[in-house]
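Here's the structure we're looking at; comments come further down.
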């Protein structure tokens, strides 16, 4: 099914 | 201090019911622009972003921005005590450790208030950039919920591929495989049955079905849901909260091992 990425890896912490 | 009076108080309950299984504790941020909530689910795979505009409220006063940390399960318990047609008013003092919810029946013959304890929650705020999406599909919210439910009985992950022929949802599992294709339909008699597909470039992404299914708990909020996809980026699943704001879910795609 593929590897699940974290959502935080797409959006920078403000 | 904060005072906010929402005539359609049931909207709050629908929002909280849609997110409480993904997020246990969250900050509700209040400012002169309205109410907002941003939170990742406990596995940090999806992100919830909700905004209710100040002008959605019949009366709105927020003297200075505040963050109200709360258990969404407890908030859901409180909101469950409101009648479905009740007007809801929130009140909180600056630096207070509680928020008060007042529920008024439409006939003004019953008034109740509930004080909810607030908590300190450390949360990271993520910056969500504006994105030019390759494909955007706006479909009946019930149809989206049905596709998620049907495919979940077959497999754990779904490939969503948008081409000029439509948007195809594909899954496979021990039982076999399943495909559901949604095509543009702007000629349906009822507007709530219409599907609109805006395709700039073909795109295909793989997602965990359990999250997409969980997002469908927002179905009571809106007639339609919008899925926006771009290559190698999270899908955005958006429910409009009438003309008052939105509830958006972002889900990170799965990638090849």
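Residue numbers (the numbering used here), protein chains in the order written: chain A, -13 to 0; chain B, 24 to 280. Even for Gly, the Cβ is constructed at its ideal location relative to N, Cα and C.
When CB distances to chain A are screened at a threshold of 9 angstroms, the residues of the region 56 to 87 of chain B falling below it are 63, 64, 66, 67, 68, 69 and 70, in chain order. Between residue 136 of chain B and residue 24 of chain B, the C-beta spacing is not below 7 angstroms.
A direct Cα-Cα distance of roughly 17 angstroms separates residue -8 of chain A from residue 237 of chain B. Assigned with DSSP and collapsed to three states, residue 34 of chain B falls in helix.
The region 131 to 172 of chain B is shown to contain whole beta strand (DSSP E) runs of 3 or more residues at 134 to 140 and 158 to 163, in chain order. Our two residues, residue 42 of chain B and residue 61 of chain B, have alpha carbons roughly 11 angstroms apart in a direct line. In this chain, the beta strand (DSSP E) harbouring residue 202 of chain B covers 200 to 205. The region 162 to 173 of chain B and the region 82 to 91 of chain B do not touch, with fewer than 3 CB-CB distances between them shorter than 8 angstroms. Partner residues in a beta bridge of residue 239 of chain B, as assigned by DSSP, do not exist. Think of a sphere of 8 angstroms around the beta carbon of residue 280 of chain B: the chain A residues whose beta carbon falls inside it are -12 and -11, in chain order. Sixteen is the threshold: since fewer than 16 other Cβ atoms of the shown chains lie within 10 Å of the Cβ of residue 138 of chain B, the residue is exposed. Considering only B/182, B/92, B/69 and B/268, the residue with the shortest C-alpha distance to residue 149 of chain B is B/69. Residue burial annotation: residue 219 of chain B is exposed, with fewer than 16 other C-beta atoms found within 10 angstroms of its C-beta. As a beta-bridge residue in DSSP terms, residue 125 of chain B pairs with B/112 and B/136. For residue 255 of chain B, not one C-beta of chain A is nearer than 7 angstroms to its own C-beta. For a cut-off of 8 angstroms, the C-beta gap from residue 232 of chain B to residue 179 of chain B is around 6 angstroms, short enough to register as a contact. For residue 277 of chain B, the C-beta contacts it makes with chain A under 9 angstroms involve -13, -12, -11, -10 and -9, in order along the chain. Sequence-ordered contacts of the region 131 to 164 of chain B with chain A read 147, 148, 149, 150 and 151 [C-beta pairs closer than 7 angstroms]. The Cβ atoms of residue 203 of chain B and residue 162 of chain B lie no closer than 7 angstroms to each other. Contact fails between the region 42 to 54 of chain B and the region 261 to 268 of chain B, because fewer than three Cβ pairs, one in each stretch, are under 8 angstroms apart. Rounded to whole angstroms, residue 242 of chain B and residue 71 of chain B show a C-alpha spacing of 15 angstroms.
Straight across, the Cα-Cα distance linking residue 182 of chain B with residue 159 of chain B is about 15 angstroms.
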